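Worksheet for the structure shown next.
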Amino acid sequence: MKFVLPFLFCFILLGCSMKQMVIDERVSFIDAGWNSHLRLTNVLSTVSDDGHLRVQVTGFNDGSSYQKLQYRIQWLNKSGLFIPTILTRWVDFPAFQNSPFNFQEIAPSTKATSFQILIRENVL
Amino acid sequence: MKTSESNFNEVEFGFCFESFIKLSFLSLVLFSLVGCATKTANIDMHNDQGQAVMGLDYRDFQKAAGEAVSSMLQSGAVNKRGGGRYILAISRVVNDTMQRIDTRQLIKKIRVQLLQSGKVVVTTAVGGNGPEDHMAMQARQLRESDEFNQKTVAKKGQMIAPDLSLSGRIIQRVVTIDSSTQQSEYYFQLTLTDINTGLAFWEGETVIGKRGSSNSVAW
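One line per chain: the protein sequences are G and P, in this order. Residue numbers for the first sequence follow numbering that gives the first Met the number 0, beginning at 0 and rising by one. Residue numbers for the second sequence follow numbering that gives the first Met the number 0, beginning at 0 and rising by one.
Structure below.
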């Protein structure tokens, strides 16, 4: 019993610290200092009936304070070239404390086959 | 002789020293003035961290246009049944704010993006404030001219009537918070109407709120 208890305790601790997190090279957090409480939980991309690529990014703010964030999405065509569009801009979105956050975007044209997303803190 | 020479030097030195002090003071004033002047710099459009203004600036138009296009594409309102592209006419977009705004700033961004989406083509031959480009009609007057090769003149019945119409309004509401703070709310309201049926296929609203000093005038 003496040996079992510490192991059990360690397992419980390990279980508590393991949170769902995904690493997707298409989504990057800028500035590693402030985002320690933010984690990416899902990046979903689908093509709608009309041929437009749709993206949904979901994450979680483990911190105890509200974060005002921004994302910027760049669309790429099948050759990997960036598609210039007014939809590539810094867009504000909220990340409430101890809550999930998410945002959705649609490609500006059917030529977009991939994307790159940057996420940062809104400094303004 | 020696005494007078020494007196002269003392006077000369005093005069020079006084001039030096005056010049230094003037230079200091000039330097401070130059230092206080705001330097002109180009705005980094991709990462503009400049302070928000009480009025509307290009960032607000970018936001409103971007949200409108994104919402239109997501709604599927511009997906023509059976494929192809809709013909869009620009109706009236009313500026109901205290600012002098050319609403074409907003509409142009939307038009460009909708055209790039491959789902919509905008007609410049008809519009809410008359045709945007009068040449389409004026060029047809050449039909009566013997000077022009009639094979190159636009034929009758070639223009395409619009399927959709984009109209809207920008509204401003000013709320006084206290004696020193005020709030300006801007509502960008847009409607996409099916001309054939008169039904609104899509409607969108972007709200931009700004809170600042009452001394800032929002126009």
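C-beta atoms are modelled at their ideal positions from N, C-alpha and C, and glycine is treated no differently. This structure is a prediction, so every number in the text was calculated from the model and none was measured.
Item: Excluding the five sequence neighbours on either side, which residues of its own chain have a C-beta within less than 6 angstroms of the C-beta of P:Met0, listed in chain order?; Value: A caution first: P:Met0 carries a pLDDT of 47, below 50, which makes its placement in the model too unreliable to give a value.
Item: Give the range of the alpha helix (DSSP H) segment to which P:Ile106 is assigned.; Value: 103-116
Item: Is the CB of G:Asp49 under 8 angstroms away from at least one CB in chain P?; Value: yes
Item: Show which residues of chain P have a CB atom less than 8 angstroms away from the CB atom of G:Ile85.; Value: Gln61, Ala64, Gly65, Val68, Lys108, Val111, Gln112
Item: Only counting the same chain, and skipping five residues up and downstream in sequence, which positions put a Cβ closer than 6 angstroms to that of P:Met71?; Value: Val77, Trp201
Item: May I have the straight-line CA-CA distance separating P:Ile194 from P:Lys209, to the nearest angstrom?; Value: 36 angstroms
Item: In chain order, what are the residue ranges of uninterrupted beta strand (DSSP E) at least 3 long that sit wholly in the stretch 60-90 of chain P?; Value: none
Item: Can you give the Cα-Cα distance for G:Pro107 and G:His51, rounded to whole angstroms?; Value: 8 angstroms
Item: Under 7 angstroms between beta-carbons, which chain G residues line up against P:Ser116? List them in chain order, please.; Value: Pro107, Ser108
Item: Along chain G, which residues have their Cβ under 8 angstroms away from the Cβ of P:Asn41?; Value: Residues of chain G passing the Cβ test: none, with the nearest at roughly 18 angstroms.
Item: Using a Cβ cut-off of 8 angstroms (strictly closer), state whether P:Gly75 contacts chain G.; Value: yes
Item: Please confirm if the stretch 45-63 of chain G is in contact with the stretch 80-88 of chain G, defined as three or more CB-CB distances below 8 angstroms between the two stretches.; Value: no
Item: Measure the C-alpha to C-alpha separation of G:Gln103 and P:Gly203 and round it to an integer number of angstroms.; Value: 17 angstroms
Item: When the Cβ atoms of the stretch 83-100 of chain P are set against those of the stretch 52-61 of chain P, are three or more pairs found closer than 8 angstroms?; Value: yes
Item: How would you label G:Lys67, buried or exposed, when you count the other beta carbons within 10 angstroms and need 16 or more for buried?; Value: exposed
Item: Sorted by chain position, which residues of the same chain lie with C-beta nearer than 7 angstroms to G:Leu13's C-beta, five sequence neighbours on each side aside?; Value: Any reading at G:Leu13 must be qualified, since the residue scores a pLDDT of 49, below 50, and its modelled position is unreliable; the value itself is stated next. Here the set comprises nothing.
Item: Please report whether the beta-carbon of G:Glu104 lies at a distance below 8 angstroms from any beta-carbon of chain C.; Value: The structure shown has no chain C; the protein chains it does contain are G and P.
Item: Of all the options G:Thr57, G:Phe59, G:Arg71, G:Leu86, which has the alpha carbon lying nearest to the alpha carbon of P:Ser223?; Value: The shown model of chain P, from 0 to 218, leaves out residue 223 of chain P, and the question about it has no answer.
Item: Classify P:Gln181 as helix, strand or coil using the three-state DSSP reduction.; Value: strand
Item: Could you check if P:Asp162 is buried or exposed, using at least 16 other CB atoms within 10 Å of its CB as the buried criterion?; Value: buried
Item: Can you tell me whether DSSP reads P:Gln140 as helix, strand or coil?; Value: helix
Item: Starting from the Cα of P:Asn128, find the closest Cα among P:Val119, P:Arg110, P:Thr102 and give me that residue.; Value: P:Thr102
Item: Quick one: is P:Leu72 near chain G, going by C-beta distance under 8 angstroms?; Value: yes
Item: In whole angstroms, what separates the C-alpha of G:Ser27 from that of P:His133?; Value: 49 angstroms
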